[in-house]
Structures are given as C-alpha cells and as structure tokens.
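This report concerns only the one structure given below.
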Amino acid sequence: MFSKQIMITGTLLAAIAGLAWAPAQDKKLEESKARGKELYAELCITCHLADGKGMAGAIPPLAGSNYFLKNPAKAIQAIKYGLNDPIKVNGVEYSTPMAAQNISDEEIADVTTYILNTWGNKGKLITVKDVEKVKK
109 MFSKQIMITG TLLAAIAGLA WAPAQDKKLE ESKARGKELY AELCITCHLA DGKGMAGAIP
169 PLAGSNYFLK NPAKAIQAIK YGLNDPIKVN GVEYSTPMAA QNISDEEIAD VTTYILNTWG
229 NKGKLITVKD VEKVKK
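Using the numbering used here, the first residue of the sequence shown is number 109, and each one after it goes up by one.
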C-alpha cells in the first residue's frame, strides 16, 4: 500500500513538473518565432514570399516542405552555408542557388524556428546548439 502511494505521488510530481516545463518551452518557442519573423521579413520574403510558398519551379516552398520538415538540419545548413546543389521538395526539383545569409547562429536558430512553425508547419524550437552541430 505504502509503495503504491509513493508511486502515485512520484507520478503526480512528474506530471506537475512536466506541466511547468511546457509553458516555459512554449514561451521560448514563441519568442524565437517572433525574432525569426522579423529576420524572415528582412532576408527571406523576397524569394520565398510572405506565405512561404516560394516560386513554382524556381524557389522551393518552405510552407509544407517535406525537405526541411523531415530534416531541419538541411534548413539550417542552407541558411548558414548557402545552397548550390539541386534539391527535391515535395516531389519538385529546384536548382536555383541560395547564398549564405551571413547571420549569427542565434539568428539562424530564430529564423529556422519561424520557418518550421509557420504556415501550418509543425516543427520544434531550434537552438543555437542545434545550429552549431550543423557543418558544411
């Protein structure tokens, strides 16, 4: 009986801790998205457009992009180092080069978080550590 009470108490404490953690993560995500939105408007909107749909056959979409949503490191790599090789996004090949954006790792994390969590995309919070892991 006593061990059941301990187990139930432990489970409740874990659940409460999880609830306390979730709002903090949500706040970080929202703050990062807000900063990323500003960067997107400054650096990305000209080619990828306000709706993230890009330009058919020339500039790949970011909205609903299987290429980036399945592997966020590819988005980070494209922003950090540029993109010269053709890529296939949602079944369509794109070969227009993209220049490296020459922004900080924190800015890369923010704009990638924005892209992965906007236009119906369901991504995650990208951190500076995530960006630092991505090599050329």
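By construction, the Cβ of each residue, glycine as well, lies at the ideal position given by its N, Cα and C atoms.
What does DSSP give as the partner residues of residue 175 in its beta bridges? For the purposes of this step, residue 175 is taken as residue 67 along the sequence shown, with counting starting at 1. Per DSSP, none; premise fails for residue 175.
Reducing DSSP to helix, strand and coil, say where residue 191 ends up. Here the question's residue 191 lines up with position 83 in the sequence shown. Of the three classes helix, strand and coil, the one that applies to residue 191 here is strand, per DSSP.
Counting C-beta neighbours from all protein chains within 10 Å, is the total for residue 193 16 or more, i.e. buried, or is it exposed? Residue numbering aside, residue 193 sits at position 85 when the sequence shown is read from its first letter. By the neighbour-count rule (16 or more Cβ atoms within 10 Å), residue 193 is not buried but exposed.
Might you give, ordered along the chain, the residues of its own chain that have their beta carbon closer than 7 angstroms to the beta carbon of residue 217, omitting 5 neighbours on each side? Along the sequence shown, read from residue 1 onward, the residue named residue 217 stands at position 109. These residues qualify, in order along the chain: 140, 234, 235, 236, 238 and 239.
Cβ contact (3+ pairs, closer than 8 angstroms) linking the region 216-231 and the region 147-154: yes
In this structure, what does DSSP give as the bridge partners for residue 202? If you number the sequence shown from 1, residue 202 lands on position 94. DSSP output for residue 202 lists 195 as bridge partner(s).
Just confirm the distance between the C-beta atoms of residue 171 and residue 178, as a whole number of angstroms; I'd bet it's less than 8 angstroms. As a working mapping, residue 171 is identified with position 63 in the sequence shown. As a working mapping, residue 178 is identified with position 70 in the sequence shown. Actually they are not in contact, since the Cβ atoms of residue 171 and residue 178 sit about 15 angstroms apart, beyond 8 angstroms.
Could you pull the DSSP bridge partners for residue 234 from this structure? Here residue 234 corresponds to residue number 126 of the sequence shown, with the count starting at 1. Answer by DSSP bridge pairing: none, since residue 234 is not bridged.
Output the distance between the C-alpha atoms of residue 156 and residue 175, rounded to the nearest integer angstrom. For this step, residue 156 is matched to residue 48 along the sequence shown. For this step, residue 175 is matched to residue 67 along the sequence shown. Each residue's Cα considered, the two are about 15 angstroms apart.
Please classify residue 215 as buried or exposed, where buried requires at least 16 neighbouring CB atoms within 10 angstroms. If you number the sequence shown from 1, residue 215 lands on position 107. Its Cβ being crowded by 16 or more others within 10 Å, residue 215 is buried.
Out of curiosity, what's the CA-to-CA distance linking residue 199 and residue 168? Against the sequence shown, residue 199 aligns to sequence position 91. Against the sequence shown, residue 168 aligns to sequence position 60. Cα-Cα distance, rounded: 11 angstroms.
Check each candidate in 143, 159, 133 and 152 and name the one with the smallest Cα separation from residue 229. Numbered from its first residue, the sequence shown carries residue 229 at position 121. Checked all of 143, 159, 133 and 152; the closest Cα to residue 229 is 159.
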